[in-house]
Amino acid sequence: MKPDPWEEKLRSAAARLNHDAPEGLDQRIIHAVARSARPPARPRFAGPAAILFAAACAAVVFYSYQEAAKPVHAPAAPIALAVPAVPVQPEEAAVPITTELLQEDPLQDEADSVYSDARSAVSFLAANFLPATPQKSG
Amino acid sequence: MLADRLQPPDAEPGPEAGLVRDALRGEAEAFNQLIRLHHRRIFNFLHQMARQRQDAEDLTQQTFLKAYHHLARFDSRRPLINWLLTIARRTALNHFRSAGKWAEVPDDLASPGPSPAHAAEQRERMDNLWGRMRAVLSRRQFEILWLRFGEGLSTAETAQIVGLTQTHVKVLIFRARQALGKGESSS
Numbered sequence: 000m001k002p003d004p005w006e007e008k009l010r011s012a013a014a015r016l017n018h019d020a021p022e023g024l025d026q027r028i029i030h031a032v033a034r035s036a037r038p039p040a041r042p043r044f045a046g047p048a049a050i051l052f053a054a055a056c057a058a059v060v061f062y063s064y065q066e067a068a069k070p071v072h073a074p075a076a077p078i079a080l081a082v083p084a085v086p087v088q089p090e091e092a093a094v095p096i097t098t099e100l101l102q103e104d105p106l107q108d109e110a111d112s113v114y115s116d117a118r119s120a121v122s123f124l125a126a127n128f129l130p131a132t133p134q135k136s137g
Numbered sequence: 000m001l002a003d004r005l006q007p008p009d010a011e012p013g014p015e016a017g018l019v020r021d022a023l024r025g026e027a028e029a030f031n032q033l034i035r036l037h038h039r040r041i042f043n044f045l046h047q048m049a050r051q052r053q054d055a056e057d058l059t060q061q062t063f064l065k066a067y068h069h070l071a072r073f074d075s076r077r078p079l080i081n082w083l084l085t086i087a088r089r090t091a092l093n094h095f096r097s098a099g100k101w102a103e104v105p106d107d108l109a110s111p112g113p114s115p116a117h118a119a120e121q122r123e124r125m126d127n128l129w130g131r132m133r134a135v136l137s138r139r140q141f142e143i144l145w146l147r148f149g150e151g152l153s154t155a156e157t158a159q160i161v162g163l164t165q166t167h168v169k170v171l172i173f174r175a176r177q178a179l180g181k182g183e184s185s186s
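Residue numbers (numbering that gives the first Met the number 0), protein chains in the order written: chain A, 0 to 137; chain B, 0 to 186.
What follows is the structure, encoded as structure tokens:
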């Protein structure tokens, strides 16, 4: 097949239009590729900083644990104050002992407070609203 | 594993397939060899697209960086240069998009020749043909003509690089030829 003169003209013009690559371009590309392939270097202070951070975290955790392990005095005070306000029945003489025990378990402390309040309320209702024992007349 | 994927059993091994396989295995020198083989042609193509020597250098470097990081996607049934030209073209398009320019800037004719005066004269004469095409044609028509006749690719290869069908490429070349004919007859 006869080559198209127009296409041949384009080919020959393009061949003479060749732009030479700058000297050392391949080396620059090779260096750029090598740089991009290398993992990013860690800063020199990264190791000591990580150790300091870990130590600080450990200190904070230890301090928090110590604080949590201490006996809690503050919540016990209102209970201790509240108990005398309730009209004490003879069978409730054990309340102070219970209060002391509760100081070591806030949840149990709360449960017993609710129980104590309920008993006081029942006693109050019984004393005021239950009919009195009828007096036997002569 | 990736190297196994590179070479399907029914494929003709390309001339650079071994180098690509070695590069995928982590041999830096293999990829360096591929850079040395192809950087001139990629630079020349990008110089035609960007028309600025410095831009062409930067784009050539970006092209090979992208090729290096996506080498596992290379289909070794294709010639490596076609894949590199595809990357180079996309890199150039992104560059034009961000820079907002195409071609209407003067070329810096910095390549040395055997005799400076003769080379300049010859370059001016030959550059006029492609320079006229650059003035008359759209960017897409120009790049298709350059890939087809400047890089000497087939219609199928050109179509694959620009992401069009072969018919579309033929139509664009036909229209470019018509536009050039009109331009020549009117001037």
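By construction, the Cβ of each residue, glycine as well, lies at the ideal position given by its N, Cα and C atoms. Everything numeric in this text was worked out from a predicted model, so none of it was measured.
Segment limits, alpha helix (DSSP H) that includes residue i
i, result
"N43(B)", "A27 to A49"
"R52(B)", "R52 to H68"
"E142(B)", "R138 to L144"
"E156(B)", "T154 to V161"
Proximal chain B residues relative to residue i, where beta-carbon distance stays under 7 angstroms
i, result
"A20(A)", "H38, R39 and F42"
"E66(A)", "Within chain B, no residue comes near E66(A); the closest Cβ sits about 52 angstroms away, beyond 7 angstroms."
Neighbouring residues, chain B, relative to residue i (Cβ below 8 angstroms)
i, result
"R37(A)", "Ordered by position in chain B, no residue passes the 8 angstroms Cβ test against R37(A), which lies about 10 angstroms from the chain."
"A33(A)", "A27"
Straight-line Cα distance separating residue j from residue i
i, j, result
"Q6(B)", "G17(B)", "With a pLDDT of only 40 at Q6(B), under the threshold of 50, the placement of this residue in the model should not be trusted, and no figure is reported."
"D176(B)", "V135(B)", "Here the sequence assigns Arg to residue 176(B), which means Asp is not the residue at that position. R176(B) and V135(B): Cα-Cα distance of roughly 10 angstroms."
"F63(B)", "H18(A)", "18 angstroms"
"V19(B)", "T59(B)", "19 angstroms"
"V12(A)", "L128(B)", "The residue you asked about is not Val; residue 12(A) is Ala in the sequence shown. For A12(A) and L128(B), the distance between alpha carbons rounds to 7 angstroms."
"A125(A)", "S112(A)", "20 angstroms"
"T166(B)", "R37(A)", "44 angstroms"
"Q51(B)", "A158(B)", "26 angstroms"
"F73(B)", "A66(B)", "9 angstroms"
"R89(B)", "W5(A)", "28 angstroms"
"A31(A)", "E28(B)", "14 angstroms"
"A10(B)", "R77(B)", "Since pLDDT at A10(B) reaches only 45, below the 50 mark, its modelled position is unreliable, and no value is offered."
"C56(A)", "S122(A)", "53 angstroms"
"S137(B)", "E7(A)", "21 angstroms"
"L187(B)", "D54(B)", "Chain B is shown only over 0 to 186; residue 187(B) falls outside these bounds and no answer can be derived."
"A14(A)", "A49(A)", "60 angstroms"
"F95(B)", "I86(B)", "14 angstroms"
Simplified DSSP assignment, three categories, for residue i
i, result
"F73(B)", "coil"
"E109(A)", "helix"
"N127(A)", "helix"
"N93(B)", "helix"
"R34(A)", "helix"
"A20(A)", "coil"
"G130(B)", "helix"
"P2(A)", "coil"
"L18(B)", "helix"
"T85(B)", "helix"
"T164(B)", "coil"
"G151(B)", "coil"
"D25(A)", "helix"
"D116(A)", "helix"
"R24(B)", "coil"
Beta-carbon neighbours of residue i, restricted to chain A and to distances below 7 angstroms
i, result
"H46(B)", "H18"
"F30(B)", "V32"
Proximity test, residue i beta-carbon vs the ligand MG heavy atom, cut-off 7 angstroms
i, result
"S75(B)", "This structure does not include the ligand MG; it has no bound ligands of any sort."
Anticipated Cβ contact below 8 angstroms, residue i with residue j, distance rounded
i, j, result
"A49(B)", "A91(B)", "6 angstroms"
"L70(B)", "L23(B)", "6 angstroms"
"N81(B)", "I160(B)", "6 angstroms"
"R10(A)", "G151(B)", "7 angstroms"
"G149(B)", "Q61(B)", "That pair is no contact at about 21 angstroms."
"E26(B)", "L79(B)", "About 16 angstroms separates the two Cβ atoms, so there is no contact after all."
"H38(B)", "D25(A)", "5 angstroms"
"F141(B)", "R147(B)", "About 11 angstroms separates the two Cβ atoms, so there is no contact after all."
"I29(A)", "N31(B)", "5 angstroms"
Chain-ordered chain A contacts of residue i [CB-CB under 9 angstroms]
i, result
"L64(B)", "I28, A31, V32 and S35"
"W129(B)", "L9, A12, A13 and L16"
"L60(B)", "According to the sequence displayed, residue 60(B) carries Gln and not Leu. Simply L24, R27, I28, A31 and V32."
"G17(B)", "Going along chain A, no residue has its Cβ under 9 angstroms from G17(B), so there is no contact; the nearest lies around 19 angstroms."
"G162(B)", "Ordered by position in chain A, no residue passes the 9 angstroms Cβ test against G162(B), which lies about 22 angstroms from the chain."
Under 8 angstroms by beta carbon: chain A residues contacting residue i
i, result
"L144(B)", "L9"
"F148(B)", "E6, L9, R10 and A13"
"E156(B)", "Here the premise fails: no neighbours, minimum Cβ distance about 15 angstroms."
"I34(B)", "D25, I28, I29 and V32"
"R176(B)", "W5"
Interface flag, residue i vs chain D, CB-CB below 8 angstroms
i, result
"A49(A)", "Of the chains in the structure shown, none is chain D; the protein chains are A and B."
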